[in-house]
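Number of protein chains: 2
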Amino acid sequence: MAESERVPAERKRRRPTSSGVVLSADLIVDAACELIDAQGAQAFTVRRLGAALGADPSAVYRYFRNTEDLLLALADRLIGESMTGFTSTGDWAADLRDFGLRAYRSALRHPQIAVFSTVRVTGRPHEQHAVDTGIGLLLQAGFDEAAAVRHYHALVDTALGHAALDAGALRLTPAQRVADEQAWRNGYAGLPADEFPSLHRVREHLPAMAGSAVEPALDLLIAALRRAVEQPGA
Amino acid sequence: MAESERVPAERKRRRPTSSGVVLSADLIVDAACELIDAQGAQAFTVRRLGAALGADPSAVYRYFRNTEDLLLALADRLIGESMTGFTSTGDWAADLRDFGLRAYRSALRHPQIAVFSTVRVTGRPHEQHAVDTGIGLLLQAGFDEAAAVRHYHALVDTALGHAALDAGALRLTPAQRVADEQAWRNGYAGLPADEFPSLHRVREHLPAMAGSAVEPALDLLIAALRRAVEQPGA
DNA sequence: ATCTTGTGTCAACGGTGTTGACGTAACCTC
DNA sequence: GAGGTTACGTCAACACCGTTGACACAAGAT
Numbered sequence: 200m201a202e203s204e205r206v207p208a209e210r211k212r213r214r215p216t217s218s219g220v221v222l223s224a225d226l227i228v229d230a231a232c233e234l235i236d237a238q239g240a241q242a243f244t245v246r247r248l249g250a251a252l253g254a255d256p257s258a259v260y261r262y263f264r265n266t267e268d269l270l271l272a273l274a275d276r277l278i279g280e281s282m283t284g285f286t287s288t289g290d291w292a293a294d295l296r297d298f299g300l301r302a303y304r305s306a307l308r309h310p311q312i313a314v315f316s317t318v319r320v321t322g323r324p325h326e327q328h329a330v331d332t333g334i335g336l337l338l339q340a341g342f343d344e345a346a347a348v349r350h351y352h353a354l355v356d357t358a359l360g361h362a363a364l365d366a367g368a369l370r371l372t373p374a375q376r377v378a379d380e381q382a383w384r385n386g387y388a389g390l391p392a393d394e395f396p397s398l399h400r401v402r403e404h405l406p407a408m409a410g411s412a413v414e415p416a417l418d419l420l421i422a423a424l425r426r427a428v429e430q431p432g433a
Numbered sequence: 200m201a202e203s204e205r206v207p208a209e210r211k212r213r214r215p216t217s218s219g220v221v222l223s224a225d226l227i228v229d230a231a232c233e234l235i236d237a238q239g240a241q242a243f244t245v246r247r248l249g250a251a252l253g254a255d256p257s258a259v260y261r262y263f264r265n266t267e268d269l270l271l272a273l274a275d276r277l278i279g280e281s282m283t284g285f286t287s288t289g290d291w292a293a294d295l296r297d298f299g300l301r302a303y304r305s306a307l308r309h310p311q312i313a314v315f316s317t318v319r320v321t322g323r324p325h326e327q328h329a330v331d332t333g334i335g336l337l338l339q340a341g342f343d344e345a346a347a348v349r350h351y352h353a354l355v356d357t358a359l360g361h362a363a364l365d366a367g368a369l370r371l372t373p374a375q376r377v378a379d380e381q382a383w384r385n386g387y388a389g390l391p392a393d394e395f396p397s398l399h400r401v402r403e404h405l406p407a408m409a410g411s412a413v414e415p416a417l418d419l420l421i422a423a424l425r426r427a428v429e430q431p432g433a
């Protein structure tokens, strides 16, 4: 259901574009990846993609039904990339942390795609393998089937949710980012103690709010899982 | 730094538009809210906003520097709305859960804005009060200043991250959503046992992946916090 | 009553995703 | 090799988008 329907899977008639490039779905995904990496997520448009390919923008629609379809294909490639090199160490908690961070980082690498890769089910091999691996870790930890699925869902969505969030921060201009940090440092740190007692008390630590919270969040989640598996009753 | 600079805070010359409406920053935010609620996040464009207001779209730029500026103002309103009615019960864990869910729900209610409201520091009263309340709960639980900030950050970003994620799902057409559910049910549930052993084992529970994972995630986080405060050494 | 000026309107610019018509070159058959 | 089909790259166009500068006019100040 993913990209087919317009793509007969195997191409025969492969005509080079006016600039000599022979298009293919893979090549288009390549170009989209490079474009986003080099110019940022904002730079991704079908027209620019066409220019990068040395082809008319509308040629893309011979391979993908629309941009969402293309981003979906890109998403599955990312999932695959993020999992290459992943090996189970036997310590399921450590592996799960690695697993989550890999998902986070790959989603963060291409902010534009982060949403798609998580919201839609690509149903492709890379995704399927990743899910199988992740759920395998939780089964290995000792959770029953229902709990493994539930916890996997919580963990992955948390990692990807943070990615979606932090991706937004990357889109800010340097000036905006500095302004936000200053807001935590000055605007918040100087609030009156009587109206904002808690903020006043923790004022020294507020600049820490400017960074990402993935690792603390993942650590808390995994700590809870470790505890749940040790004391199933609690 | 928020919306001013173009807005002199107090308007004197208030001329009605051609359709008789008297514009104001508040009214524009109102209209933007309604527009997104009624038609979905996709429907939000400056032009449509103008139409909804009964004014020329460009009139919006008399009140906000650009769309981001407008969405920022909307963000702070949402934070305020989400916290109205929140009262501390004395059970910090339950309160924190409520706090997180309120953040999640208000962000989810307006998906388009979810990213902005979390990525940027609005530095406005509503935001400041919410942060004070949340950190207060963690201090009350017994965490020291640094831990309270760290845990608050993890909790809020997790709630909002899930909102950002689930918001994407809302943008799908009903047909797409059905397709995704079917993918979990059929595409995944029928995979071969030898290549996907773990997926095969949990196949009955996979449809649960279609929903949101906020609550499981928040529950895990809070369980970890509860444990951390009981056994500070662990 | 006159002047200033805030502000709503209009037209325009340069961008976007997407589509339908069209021709040509690449395969298949003979 | 010749001819026919047709896949696919190209082109032009459509309907949108955010944003801006010029302009007219009415509201408030004098």
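Protein chains in written order, with my numbering: chain B, 200 to 433; chain D, 200 to 433.
Ideal Cβ positions, reconstructed from N, Cα and C, are used throughout, including at glycine.
inquiry  = Is it buried or exposed, D:Thr288, if we count other Cβ atoms within 10 angstroms and call 16 or more buried?
reply    = When all chains shown are included, D:Thr288 counts as exposed.
request  = Establish whether the CB of B:Gly334 and some CB of chain D are separated by less than 8 Å.
outcome  = The question names Gly, but residue 334 of chain B is Ile in the sequence shown. With 8 Å as the cut-off, B:Ile334 counts as an interface residue toward chain D.
task = Using a Cβ-Cβ cut-off of 8 Å, state whether D:Tyr403 counts as contacting chain B.
result = Note that residue 403 of chain D corresponds to Glu in the displayed sequence, not to Tyr. Put simply, the CB of D:Glu403 is near chain B, with a gap under 8 Å to one of its CB atoms.
ask   = Under three-state DSSP, which class holds B:Val348?
value = Correct three-state label for B:Val348: helix.
key: Beta-carbon separation (whole angstroms), B:Ala237 vs B:Trp291, contact threshold 8 Å   = Contact doesn't hold; Cβ gap of about 38 Å is too wide.
query = Using CA coordinates, which residue listed in B:Leu419, B:Ser411, B:Leu270 is at the minimum distance from D:Gly360?
reply = Minimum Cα distance to D:Gly360 is reached at B:Ser411.
query = So who's on the other strand from B:Pro215, going by DSSP bridges?
reply = For B:Pro215, which the question treats as bridged, DSSP gives the partners B:Val221.
Where D:Thr357 meets chain B, residues with beta-carbon distance less than 8 Å = Correct list: Thr357, Gly360, His361, Ala412, Ala416.
ask   = Residues in its own chain within less than 7 Å of B:Asp255 by CB, not counting five upstream and five downstream?
value = Once the five neighbours on either side are set aside, the close Cβ partners of B:Asp255 are Gly249.
task = Could you tell me which uninterrupted alpha helix (DSSP H) segments, each at least 4 residues in length, are contained entirely in the stretch 217-265 of chain B, listed from first to last along the chain?
result = You should have 224-238, 245-252.
message = Give me the chain B residues within the contact set of D:Asp331, using Cβ-Cβ distance strictly less than 9 Å, ordered along the chain.
response = Close partners of D:Asp331 in chain B (Cβ separation under 9 Å): Leu390, Glu394, Phe395, Pro396, Ser397, Leu398, His399.
inquiry  = Looking at B:Leu182: is its Cβ nearer than 8 Å to the Cβ of B:Leu336?
reply    = In the structure as shown, chain B begins at 200 and stops at 433. Residue 182 of chain B is therefore absent and cannot be evaluated.
Residue nearest to B:Leu295 in terms of C-alpha spacing, selected from B:Gly279, B:His352, B:Gly239 = It is B:His352.
ask   = Expressed to the nearest angstrom, what Euclidean distance is found between the alpha-carbon atoms of D:Phe263 and B:Ser305?
value = Approximately 35 Å, taken between the alpha carbons.
request  = Work out the CA separation of B:His309 and B:Val428 for me, nearest whole Å.
outcome  = Straight-line Cα distance between these residues: approximately 34 Å.
query = Taking the runs of the alpha helix (DSSP H) that are 4 residues or longer, which of them lie wholly in the stretch 266-315 of chain B?
reply = Along the stretch 266-315 of chain B, the alpha helix (DSSP H) occurs as fully enclosed runs of 4 or more residues at 266-282, 291-308, listed in sequence order.
inquiry  = If the criterion is Cβ atoms closer than 8 Å, does the pair B:Leu417 and B:Gly299 meet it?
reply    = Between B:Leu417 and B:Gly299, the gap from beta carbon to beta carbon is short of 8 Å.
query = What's the C-alpha gap between B:Glu414 and D:His328?
reply = Answer to the nearest angstrom: the Cα atoms are 26 Å apart.
ask   = Given that a residue counts as buried once 16 or more other Cβ atoms are within 10 Å of its Cβ, and exposed if not, what is D:His301?
value = Here residue 301 of chain D turns out to be Arg, not His, going by the sequence shown. Buried, since its Cβ has 16 or more Cβ neighbours within 10 Å.
message = Just to confirm the assignment, what range does the alpha helix (DSSP H) spanning D:Arg384 have?
response = Element bounds for D:Arg384: n/a, residue is neither H nor E.
ask   = What is the residue span of the alpha helix (DSSP H) that B:Ser397 lies within?
value = Per DSSP, B:Ser397 belongs to the alpha helix (DSSP H) from 396-400.
message = Which same chain residues end up closer than 7 Å to B:Phe342 when comparing Cβ atoms and leaving out the 5 residues on each side of it in sequence?
response = Hits under 7 Å: His350, Val428.
ask   = Can you tell me the Cα-Cα spacing of D:Leu424 and B:Arg402, whole angstroms?
value = When rounded, the distance between both Cα atoms is 21 Å.
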